[in-house]
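Only one structure is covered here, and it is reproduced in the block below.
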Amino acid sequence: MIQFKNITLKVQHQILLEDAILHIAKGDKVVVRGKSGCGKSSLLKSMVGALPLEKGSIQVNDLVLSAKTVGHIRSQIAFIGQEPVLGAENVRDALLLPFTFKAHSETPPTNQQISELLDRLHLSNEILDKPSKRISGGEKQRIAILRALLLRKTIFLTDEITSALDPASRAAVMEELFRPEITLLSVSHDPEWINTCSRIIDINNTQLIEVEK
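For the sequence shown, position 193 matches number 197 in our numbering, and the numbering has no gaps at all.
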């Protein structure tokens, strides 16, 4: 489903990955580990075209990432970073923002769908009326996840999304993202997250090395 083929990533003249290979099947739950600055977040960014490759290619659902295909590939992916940008002044508008565009205008979520997902992610309905800048980082991450679920995304890229969560909220997020239909490529130092993933990839000496579980 996702293939990183002999990719080389360079940031500010530093080679982070060189001729690295990674194949991810549909439904895989993959976590990437490594020391600070080794290229974990850069790997995620490269998959949505935010960081250009020096060499190699990335393929998503048989579509090779390029200037022509990046929009279509991004439309299939939910990227949840450590500090998501919600894109609207209040939480309700942020949740509904994608449904104001033509691609999703015919399938807006119902209030019941939103309420049920808020509950599953341990968020109250009152958060909908809060300014986006007044909610915590962990709440922003869960709102971003909720929005992606409303959009029926099945490919998630996540970067340390449990670091600001209490145990109950972390469990709720994991229950949503570890469903069989979700393909997950993540960066995490959370032992519980790592142990729950089906595959562990270490970045070591500019290579992506799978660790036996």
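Idealized CB from N, CA, C, for every residue including glycine.
Please list, in chain order, all residues of the same chain as residue i whose beta carbon is under 6 Å from its beta carbon, the five residues on each side excluded.
i          : result
leucine 26 : Phe8, Leu212
At what residues does the beta strand (DSSP E) containing residue i begin and finish?
i             : result
lysine 33     : 33 to 37
glutamine 86  : Note, glutamine 86: premise wrong, no beta strand (DSSP E); not H, not E.
isoleucine 28 : 18 to 28
Kindly indicate the opening and closing residues of the alpha helix (DSSP H) around residue i.
i              : result
asparagine 199 : 195 to 200
Quick check on residue i: does DSSP put it in helix, strand or coil?
i              : result
glycine 41     : coil
glutamate 214  : strand
glycine 75     : helix
valine 64      : strand
isoleucine 159 : strand
Apart from the five residues on each side of it in sequence, which residues of its chain come closer than 7 Å, Cβ to Cβ, to residue i?
i           : result
leucine 101 : Gly91, Ala92
alanine 172 : His126
Could you check how far apart the C-beta atoms of residue i and residue j are, in whole angstroms? I think they sit under 8 Å.
i              : j             : result
glycine 142    : leucine 169   : 5 Å
valine 36      : valine 191    : 5 Å
leucine 21     : isoleucine 28 : Leucine 21 to isoleucine 28, Cβ: 15 Å. No contact.
isoleucine 205 : lysine 217    : That belief does not hold up - the Cβ atoms of isoleucine 205 and lysine 217 are roughly 11 Å apart, past 8 Å.
On the criterion of 16 or more Cβ atoms from any shown chain inside 10 Å, does residue i qualify as buried, or is it exposed?
i             : result
glutamine 145 : buried
alanine 71    : exposed
alanine 24    : buried
proline 113   : buried
Please list, in chain order, all residues of the same chain as residue i whose beta carbon is under 8 Å from its beta carbon, the five residues on each side excluded.
i             : result
isoleucine 84 : Gln145, Ala148, Ile149, Ala152, Phe160, Leu161, Thr162, Asp163, Ile165
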